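Numbering (this note's numbering), first residue to last: 4 to 547.
Written below as structure tokens is the structure these notes are about.
In structure tokens, the structure reads:
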């Protein structure tokens, strides 16, 4: 797929215009009558402020956008998250708040004392509240999230920015994932890293209830005030905790991969003074092991057995489930950390297709962890007893269990499933296909049983993460539709919301919008029944 000259810079680097008022989309095809709600997505949309530019695509200012579907019609809107970071940058007309791949420095006109204070304040950095990765639901509330301790409440109908929430008021963490899990009651389960707190670095698993106690509901108290820590896992290194973007969840177990893709805390503390960004302090140790932690939700304690596998970099868990005394979990993994490097804006220029070939193709792999096994088993014996998999778990001399995965499918990323099957045995993965570059070119449905796939592809179209929406009264796992926001690299072709039949991956309809869409990262679909009747009335600057 050849990309028109100059379009790569426009797609990745050019600031996108916001559309806070709804734009009616032109619908081709027929949207199912039962389909009503809001597809709400998040991702970077502004990379240049004044004469300053971010170094990395993941650093851009968060741009929320939504497709509201009702009565067969679609309305599009977008709005920049009015974070403190956004407001400070816009007021200064330059980048003044550091992001992970871009370190911001004081105005050269500042006096020596102001500069000195700036350097000292970055020794233990307060991270940005530019929450550009995902959307989290908690009760009736929705939050823009990233991987730090700040989240921003938003109005899903109007995309207004509401209060700023700091996790550290409720739990001692510096970082958190932007991929929480939800149980059937809507309670949120998430993880975060606590760095050198009381002399320890640990991974903290916490639960946020879906509603406040009845005595507080009238006062509209936040559910976050009732956050509870489930358990914590000590980091294998005090000053080199593992980076992680997500975790797995089965019916009774939490799956955490402590990968050798690590933050160097001492380097982070001195990054500002040394004139480097925080991303440079993230190092892949290719000769180390990846440790697999299972946490029993019933006892709230880690399983004592030590499971490990080869060094890898993973961002996304797909699903996990239990079968015949085994925990089975699927992930998308890489052999190295080159993916992050590819998204520096200097690499996303006119020669993009030739200069950004993937060094490591993402692969969907299945691990199988035995829960019950003979402790007296011989060294070298495979402890996996499931006949349906080629994954192994071999006992080592030191008593640890070395796990080798089964390959399910290569070349996919941004995986989603029918979330009604989260934590349960499942069959289908909906994802984007990655071919010549880290930018997706197809929507794909992978059958994990047959290891075959269905594809949707169209020239000059770059699909976003596909969202599965179940049909009413669905009887099978793939009864539903797929929603994906499509960016086009042909200036003569309008971008659109793609609506596919989840069974066949055939197009049902598309809703074309007369504006630029930005490449986004993650989001969710909110059924109309789950939306509040009236929009929030809070102001953009209210803080919790």
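Where is the CB? At the ideal position from N, CA and C, for every residue including glycine.
All values derive from a computational prediction rather than experimental measurement.
Run through the DSSP bridge pairs and tell me what residue i is partnered with.
| i | result |
| --- | --- |
| residue 91 | Its beta-bridge partners do not exist; DSSP assigns none. |
| residue 333 | 322 and 369 |
| residue 34 | According to DSSP, which records beta bridges pairwise, residue 34 is partnered with nothing at all. |
| residue 568 | No answer is possible for residue 568: it lies beyond the span of the chain, which begins at 4 and ends at 547. |
| residue 146 | 139 and 156 |
| residue 101 | Beta-bridge pairing links residue 101 to no other residue. |
| residue 44 | 68 and 526 |
| residue 288 | Its beta-bridge partners do not exist; DSSP assigns none. |
| residue 81 | 22 and 68 |
| residue 27 | 78 |
| residue 515 | 29 and 499 |
| residue 305 | 298 |
May I ask you to report which of helix, strand or coil DSSP gives residue i?
| i | result |
| --- | --- |
| residue 171 | helix |
| residue 557 | An answer regarding residue 557 cannot be provided, because it is not within the stretch 4 to 547 covered by the chain. |
| residue 314 | coil |
| residue 111 | Because the pLDDT of residue 111 is 47, which lies under 50, any placement of that residue in the model is unreliable, and the number read from its coordinates should be weighed accordingly. Coil at residue 111, not helix or strand. |
| residue 176 | coil |
| residue 134 | coil |
| residue 273 | helix |
| residue 298 | strand |
| residue 125 | Residue placement at residue 125 is poorly supported in this model, since its pLDDT is 46, which falls under 50; the coordinates still yield a value, given next. If DSSP states are grouped into helix, strand and coil, residue 125 belongs with coil. |
| residue 500 | strand |
| residue 246 | coil |
| residue 539 | Only weak support exists for where residue 539 lies, its pLDDT of 44 falling under 50; the value from the coordinates is given anyway. Residue state, collapsed to three classes: coil. |
| residue 345 | helix |
| residue 422 | helix |
| residue 55 | strand |
| residue 411 | strand |
| residue 268 | helix |
| residue 15 | helix |
| residue 510 | strand |
| residue 350 | helix |
| residue 505 | coil |
| residue 254 | coil |
| residue 73 | strand |
Could you tell me whether the Cβ atoms of residue i and residue j are closer together than 8 Å?
| i | j | result |
| --- | --- | --- |
| residue 70 | residue 500 | yes |
| residue 38 | residue 484 | yes |
| residue 231 | residue 209 | yes |
| residue 304 | residue 255 | no |
| residue 174 | residue 156 | no |
| residue 249 | residue 238 | no |
| residue 324 | residue 428 | yes |
| residue 252 | residue 184 | yes |
| residue 413 | residue 380 | no |
| residue 29 | residue 66 | no |
| residue 106 | residue 280 | yes |
| residue 202 | residue 178 | no |
| residue 530 | residue 189 | no |
| residue 16 | residue 348 | yes |
| residue 263 | residue 312 | no |
| residue 44 | residue 467 | yes |
| residue 447 | residue 489 | no |
| residue 148 | residue 101 | no |
| residue 180 | residue 84 | no |
| residue 369 | residue 396 | no |
| residue 200 | residue 535 | no |
| residue 211 | residue 257 | no |
| residue 242 | residue 269 | yes |
Which residue wins for smallest C-alpha separation from residue i, given the options the options?
| i | options | result |
| --- | --- | --- |
| residue 34 | 270, 504, 530 and 526 | 504 |
| residue 389 | 327, 20, 509 and 140 | 327 |
| residue 341 | 440, 373 and 320 | 440 |
| residue 434 | 443, 243 and 426 | 443 |
| residue 320 | 312, 335 and 311 | 335 |
| residue 162 | 308, 368, 411 and 145 | 145 |
| residue 375 | 307, 343 and 293 | 307 |
| residue 1 | 282, 408 and 347 | Past the edges of the chain, shown from 4 to 547, lies residue 1, and the structure says nothing about it. |
| residue 426 | 135, 41, 29 and 187 | 187 |
| residue 47 | 56, 60, 279 and 40 | 60 |
| residue 458 | 445, 464, 158 and 452 | 445 |
| residue 158 | 172, 396 and 138 | 138 |
| residue 68 | 76, 75, 81 and 58 | 81 |
| residue 52 | 527, 263 and 96 | 96 |
| residue 612 | 23, 26 and 42 | It is not possible to answer for residue 612, since the shown part of the chain is limited to 4 through 547. |
| residue 494 | 506, 226, 518 and 309 | 518 |
| residue 516 | 76, 344 and 287 | 76 |
| residue 166 | 462, 134 and 193 | 134 |
Indicate, with yes or no, if the ligand SAH has a heavy atom lying under 7 Å from the CB of residue i.
| i | result |
| --- | --- |
| residue 326 | Summarising the ligand content, the structure contains no ligands, and the ligand SAH is consequently not present. |
*Could you tell me which uninterrupted alpha helix (DSSP H) segments, each at least 4 residues in length, are contained entirely in the region 447–488, listed from first to last along the chain?*
none
*Which parts of the region 178–239 are runs of the beta strand (DSSP E), unbroken and 3 residues or longer, counting only runs that do not cross its ends?*
191–200, 203–211 and 231–237
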